[in-house]
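Engineer:
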């Protein structure tokens, strides 16, 4: 297949590009290489991809309408995996405009490109954040998600709605994937595991919000990628028996659907830190803080729909995933005399 991956210099995007190349696909990656976090890390991810045959990269911002249109005309992609977005719940409180530009304007440019070039399947990143004020656990795609508690979450819900309108109007197959707390090697420095590791190694206090009373469905990046790869080959189709009298939020009469991708093994945040301490061989200095605006206390994914559709469910325990992250971190950042990872 010819696959376009947006956000290809990102954490999940770069890992996905490797997986697609491993199975023989031709991959075009785009990214704007913004400075939301250390650009050198993004460039290092691209350097690894640059050694691969059948990979092409363009520095391109999804917000730029004309270049995006030209990309789709020349690319003739069989499938698109749209991962480019302004990430981060808390940053959406500080800089809301960045989320409207990247997550809304950028997404309509992707939808328009897919529509006009007749892409066979658009797979796009949503987020567990869309569950917002919902408290019934585990979170199910069949539950209503109309109460976001951050602008980031609202933009992800908007993406799902925008995709549905294009599935309805133009019969564009669209699948949204709600990712649950992704972590692993080559991850984002603004995420908790990165910051905890930095703080513990520097003997600095690490901020732990809601006084540690948090539960997360930590999902290892390789499991996320496996789920995406399997979904790409299963274009969304109208759901038999779907009724507007009792509308199912997870499916549609149009070729549209959403899936959770999470580990379904909820872990208390303090246990996550304990696993990290064991792997680093050091104790954390914990700074217990109140809940932050836009955050939620617990996330747990119901992945039964994903498993039924693809035969796959994420399974990597945090003990294994954190160990792999720490091993990568020590090499990449030359902790303990390691050489930089390439």
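In my numbering, the protein residues as written are 1464 to 1805. Where is the CB? At the ideal position from N, CA and C, for every residue including glycine. Fair warning: this is a prediction, and the values are worked out from it, not measured in the lab.
#1: My understanding is that residue 1748 touches residue 1669, with C-beta atoms under 8 angstroms, so please give their C-beta distance in whole angstroms.
#2: DSSP state of residue 1534, grouped into three classes?
#3: Can you give me the Cβ contacts of residue 1671 inside the same chain, cut-off strictly under 6 angstroms, excluding the 5 residues immediately before and after it?
#4: Would you check if there are 3 or more beta carbon pairs closer than 8 angstroms linking the segment 1638-1656 to the segment 1471-1488?
#5: What did DSSP end up calling residue 1587 once you bin it into helix, strand or coil?
#6: Rounding to the nearest angstrom, what Cα-Cα distance links residue 1656 and residue 1738 in this structure?
#7: Residue 1640 bridges to which residues according to DSSP?
#8: Give the secondary structure of residue 1665 by DSSP, where H, G and I count as helix, E and B as strand, and everything else as coil.
#9: Pull up the distance between the alpha-carbon of residue 1516 and that of residue 1467, whole angstroms please.
#10: Please state the DSSP three-state secondary structure of residue 1498.
#11: Are there 16 or more other CB atoms within 10 angstroms of the CB of residue 1549, so buried, or fewer, so exposed?
#12: Nearest-angstrom Cα distance between residue 1730 and residue 1779?
#13: Give the secondary structure of residue 1544 by DSSP, where H, G and I count as helix, E and B as strand, and everything else as coil.
#14: Within the continuous alpha helix (DSSP H) that includes residue 1563, where are the two ends?
#15: Kindly indicate which residue of 1728, 1591, 1636, 1601 has the alpha-carbon position closest to the one of residue 1620.
#16: Between 1529, 1509, 1530, 1784, which lies nearest to residue 1520 when the distance is taken from Cα to Cα?
#17: I need the straight-line Cα distance from residue 1628 to residue 1686, nearest angstrom please.
#18: Can you tell which of 1469, 1757, 1726, 1785 has the C-alpha that lies nearest to the C-alpha of residue 1763?
#19: Leaving out five residues before and five after residue 1702 in sequence, what residues of the same chain have Cβ atoms less than 8 angstroms from its Cβ?
#20: Can you grab the Cα-Cα spacing for the pair residue 1802 / residue 1600, in whole Å?
#21: Between the C-alpha atoms of residue 1642 and residue 1768, what's the straight-line distance to the nearest angstrom?
#22: Helix, strand or coil: which one does DSSP assign to residue 1680?
#23: Going by the CB atoms, is the gap between residue 1491 and residue 1534 shorter than 9 angstroms?
#24: If you drop the 5 nearest sequence neighbours on each side, which residues of the same chain put their C-beta closer than 6 angstroms to that of residue 1700?
#25: Going by DSSP, name the residue or residues bridged to residue 1670.
#26: Three or more beta-carbon pairs under 8 angstroms between the segment 1672-1679 and the segment 1496-1505, yes or no?
Structural biologist: Inspection of the coordinates gives the following:
#1: As a first step, residue 1748 must be located in the chain shown, where it is residue number 285. As a first step, residue 1669 must be located in the chain shown, where it is residue number 206. 7 angstroms between Cβ atoms; contact.
#2: One-based indexing of the chain shown puts residue 1534 at position 71. Three-state DSSP puts residue 1534 in a helix.
#3: On the chain shown, position 208 is the one that residue 1671 refers to. Contacts found: 1749, 1751.
#4: yes
#5: The residue given as residue 1587 occupies position 124 in the chain shown. In the structure shown, residue 1587 sits in a strand (DSSP, three-state: E or B).
#6: Counted from its first residue, the chain shown places residue 1656 at position 193. Counted from its first residue, the chain shown places residue 1738 at position 275. Taking the straight line joining both Cα atoms gives about 11 angstroms.
#7: Here residue 1640 refers to the residue found at position 177 of the chain shown. In the DSSP output, where bridge partners are listed per residue, residue 1640 has 1588, 1722.
#8: Taking the first residue of the chain shown as 1, we reach residue 1665 at position 202. DSSP places residue 1665 in coil when its eight states are reduced to three.
#9: By 1-based counting over the chain shown, the position of residue 1516 is 53. By 1-based counting over the chain shown, the position of residue 1467 is 4. Taking the straight line joining both Cα atoms gives about 15 angstroms.
#10: Numbered from 1 along the chain shown, position 35 holds the residue referred to as residue 1498. Looking at residue 1498 - three-state DSSP - the assignment turns out to be coil, as it is neither helix nor strand.
#11: Counting from one through the chain shown, the residue named residue 1549 turns up at place 86. With 16 or more other Cβ atoms within 10 Å, it is buried.
#12: Taking the chain shown and counting its residues from 1, one reaches residue 1730 at position 267. Taking the chain shown and counting its residues from 1, one reaches residue 1779 at position 316. Roughly 12 angstroms between the two C-alpha positions.
#13: Here residue 1544 refers to the residue found at position 81 when the chain shown is read from its first residue. The answer is strand: DSSP assigns residue 1544 an E or B state.
#14: One-based indexing of the chain shown puts residue 1563 at position 100. Run containing residue 1563: none; DSSP gives neither H nor E here.
#15: The count along the chain shown starts at 1 and reaches residue 1620 at position 157. When each option's Cα is compared against that of residue 1620, the closest is 1591.
#16: To locate residue 1520, count along the chain shown from 1; it is residue 57. Of the listed residues, the one whose Cα sits closest to residue 1520 is 1509.
#17: In the chain shown, residue 1628 corresponds to position 165, counting from 1. In the chain shown, residue 1686 corresponds to position 223, counting from 1. When rounded, the distance between both Cα atoms is 29 angstroms.
#18: If you number the chain shown from 1, residue 1763 lands on position 300. Nearest C-alpha to residue 1763: 1726.
#19: By one-based count along the chain shown, residue 1702 stands at place 239. If we look at residue 1702 and ignore the five residues flanking it on each side, its Cβ neighbours are 1711, 1714, 1715, 1716, 1720.
#20: For the purposes of this step, residue 1802 is taken as the residue at position 339 of the chain shown. For the purposes of this step, residue 1600 is taken as the residue at position 137 of the chain shown. With a pLDDT of 41 at residue 1802, under the threshold of 50, the modelled position of this residue cannot be trusted, and the question is left open.
#21: Translated into the one-based positions of the chain shown, residue 1642 becomes position 179. Translated into the one-based positions of the chain shown, residue 1768 becomes position 305. Roughly 14 angstroms separates the two Cα atoms.
#22: Against the chain shown, residue 1680 aligns to sequence position 217. DSSP places residue 1680 in coil when its eight states are reduced to three.
#23: By 1-based counting over the chain shown, the position of residue 1534 is 71. By 1-based counting over the chain shown, the position of residue 1491 is 28. Result yes, Cβ atoms of residue 1534 and residue 1491 sit closer than 9 angstroms.
#24: Translated into positions along the chain shown, residue 1700 becomes position 237. The answer, listed in chain order, is 1718.
#25: One-based indexing of the chain shown puts residue 1670 at position 207. Partner(s): 1750.
#26: no
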